[in-house]
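J.: Just passing along the structure, written as C-alpha cells.
Residue numbers (my numbering): 1077 to 1334.
Right, here's the structure in full:
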C-alpha cells in the first residue's frame, strides 16, 4: 500500500535521494524545501515553519504515515541552529497529530557523526529549552569568538538529545510512533561541497571523520537507512542514533561507548 510521506530537504542531497526512492516504490511524497519542492518554505525561520505546517496540514488532514526530516545546513553560521534544530523539532512536533492519524506512523531525522566532536553546552541547553532567541544569540557569540565550527556539532547534539527525550514522551511511543535519527559520516552532497572545495577544511574533516569502510558515503546509502526506520517493518526501534558512517564512530570512540 502506498504511504503518505513528508520529506524535508527534498530538493538535494540525502533528502532528494530519500524522496526519489520513496516515489520509485509508489509512495505519495510531498517535499519541503526552499525551492523546487511541493511545499516551499524557509525552515530556518519561525514564520517559514508555520507556513510549512499549514500547507502540510491542508494536504494531509486525514493522516500522515511518515516524516523523513532531512533539511539542514553545514555552514558554520547561526542560521544552522535554526534549520538543523528548530526547523526539525518544530516541524516534527507540529506533524505529530497527523502521524497519530496515519497508518504505521514513523518519524526519522538526520543527526551526524559530529555529535562525537566538541560542542557548545550552553547553546545545546538553549535549544533543548526551546529558547530560539537565546540559541541564536549564543551562536552569534560563538562566531565572534572564532568558535563557529562548534555550531553544527552543537545543533546536531541538541537534535539527537531531543530525539532521545521525545521518543518516549506522551504521544510518541505510547501512540505507536517510533522516532529515530541516522548519523551520517561524510556524505558527498551539495551541503558539503564547500568543505570539499577547501583543501584545509577537507583535511580537518578527514581527520575528524575517519571512514575505513568504503570511504565517503553517497546520499542513497544514508537514505536507505532512513527509509527502513520510516517503514512499517520498524516495530521496535525508537530513540536511536543509527550511524551510517563507514566505521567513523567506532574509530573515534572505540569500545568506550557501546
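Backbone N, C-alpha and C fix where the C-beta goes; we use that ideal spot for every residue, glycine too.
As the structure is a computational prediction, the values presented were derived from the model and not from experiment.
With the cut-off set at 8 Å, would you say residue 1109 and residue 1087 are in Cβ contact?
T.: Translated into positions along the chain shown, residue 1109 becomes position 33. Translated into positions along the chain shown, residue 1087 becomes position 11. Cβ atoms of residue 1109 and residue 1087: closer than 8 Å.
J.: How many angstroms separate the CA atom of residue 1153 from the CA atom of residue 1209?
T.: Within the chain shown, the letter at position 77 stands for residue 1153. Within the chain shown, the letter at position 133 stands for residue 1209. Taking the straight line from one Cα to the other gives about 15 Å.
J.: With a CB to CB cut of under 7 Å and the five nearest residues on each side skipped, what residues in its chain are close to residue 1298?
T.: As a working note, residue 1298 is residue 222 in the chain shown. Counting only Cβ-Cβ distances below 7 Å, and skipping sequence neighbours, we find 1090, 1258, 1260, 1263 and 1320.
J.: Assign residue 1290 to one of two classes, buried (16 or more other C-beta atoms within 10 Å of its C-beta) or exposed (fewer than that).
T.: Position 214 of the chain shown holds residue 1290. Classification for residue 1290: exposed.
J.: Considering only the beta carbon of each residue, do residue 1121 and residue 1170 sit closer than 8 Å?
T.: For the purposes of this step, residue 1121 is identified with residue 45 of the chain shown, where counting begins at 1. For the purposes of this step, residue 1170 is identified with residue 94 of the chain shown, where counting begins at 1. Taking 8 Å as the Cβ cut-off, residue 1121 and residue 1170 do not qualify as a contacting pair.
J.: Thinking residue 1184 and residue 1256 are a contact (beta carbons under 8 Å), I'd like their distance in whole angstroms, please.
T.: For this step, residue 1184 is matched to residue 108 along the chain shown. For this step, residue 1256 is matched to residue 180 along the chain shown. Right, the Cβ-Cβ distance comes to about 5 Å (below 8 Å), so this counts as a contact.
J.: Can you tell me where the beta strand (DSSP E) with residue 1104 in it begins and where it stops?
T.: To locate residue 1104, count along the chain shown from 1; it is residue 28. Per DSSP, residue 1104 belongs to the beta strand (DSSP E) from 1104 to 1109.
J.: Please name the residue or residues paired with residue 1319 in a DSSP beta bridge.
T.: In the chain shown, the residue the question calls residue 1319 occupies position 243. Partner(s): 1259.
J.: Spell out the partners DSSP gives residue 1084 in its beta bridges.
T.: Translated into the one-based positions of the chain shown, residue 1084 becomes position 8. For residue 1084, which the question treats as bridged, DSSP gives the partners 1108 and 1145.
J.: Spell out the partners DSSP gives residue 1337 in its beta bridges.
T.: The question about residue 1337 has no answer, for the chain in this structure spans 1077 to 1334.
J.: Mind checking residue 1166: buried by the 16 CB within 10 Å criterion, or exposed?
T.: Taking the first residue of the chain shown as position 1, residue 1166 is located at position 90. The residue in question, residue 1166, is buried, as its Cβ has 16 or more Cβ neighbours within 10 Å.
J.: Flag this pair as yes or no: are the beta carbons of residue 1084 and residue 1147 separated by less than 8 Å?
T.: Translated into the one-based positions of the chain shown, residue 1084 becomes position 8. Translated into the one-based positions of the chain shown, residue 1147 becomes position 71. Going by C-beta atoms, residue 1084 is nearer than 8 Å to residue 1147.
J.: Are any of the Cβ atoms in chain D nearer than 8 Å to that of residue 1199?
T.: Among the protein chains of the structure shown there is no chain D, as only one such chain exists.
J.: In whole angstroms, what separates the C-alpha of residue 1304 from that of residue 1274?
T.: On the chain shown, position 228 is the one that residue 1304 refers to. On the chain shown, position 198 is the one that residue 1274 refers to. So the alpha carbons of these two residues sit roughly 34 Å apart.
J.: Considering only the beta carbon of each residue, do residue 1323 and residue 1287 sit closer than 8 Å?
T.: What you label residue 1323 is simply residue 247 of the chain shown in a count that begins at 1. What you label residue 1287 is simply residue 211 of the chain shown in a count that begins at 1. For residue 1323 and residue 1287, yes; Cβs fall inside 8 Å.
J.: Going by alpha carbons, who is nearest to residue 1346 out of 1247, 1099, 1252 and 1191?
T.: Not covered by the structure: residue 1346. The range shown for the chain is 1077 to 1334.
J.: Comparing alpha-carbon positions, which option in 1175, 1179, 1093 and 1160 lies nearest residue 1204?
T.: Start at 1 with the first residue of the chain shown, and residue 1204 comes out as number 128. Among 1175, 1179, 1093 and 1160, the Cα nearest to that of residue 1204 is on 1160.
J.: Evaluate residue 1179 with the Cβ neighbour count: other Cβ atoms within 10 Å of its Cβ, from every protein chain shown; 16 or more gives buried, anything less gives exposed.
T.: Numbered from its first residue, the chain shown carries residue 1179 at position 103. Per the 10 Å Cβ criterion, exposed.
J.: Output the distance between the C-alpha atoms of residue 1277 and residue 1221, rounded to the nearest integer angstrom.
T.: Taking the first residue of the chain shown as 1, we reach residue 1277 at position 201. Taking the first residue of the chain shown as 1, we reach residue 1221 at position 145. Taking the straight line joining both Cα atoms gives about 19 Å.
J.: Express the C-alpha separation of residue 1326 and residue 1332 in angstroms, rounding to a whole number.
T.: Position 256 of the chain shown, counting from 1, holds the residue named residue 1332. Position 250 of the chain shown, counting from 1, holds the residue named residue 1326. The straight-line gap from Cα to Cα measures roughly 9 Å.
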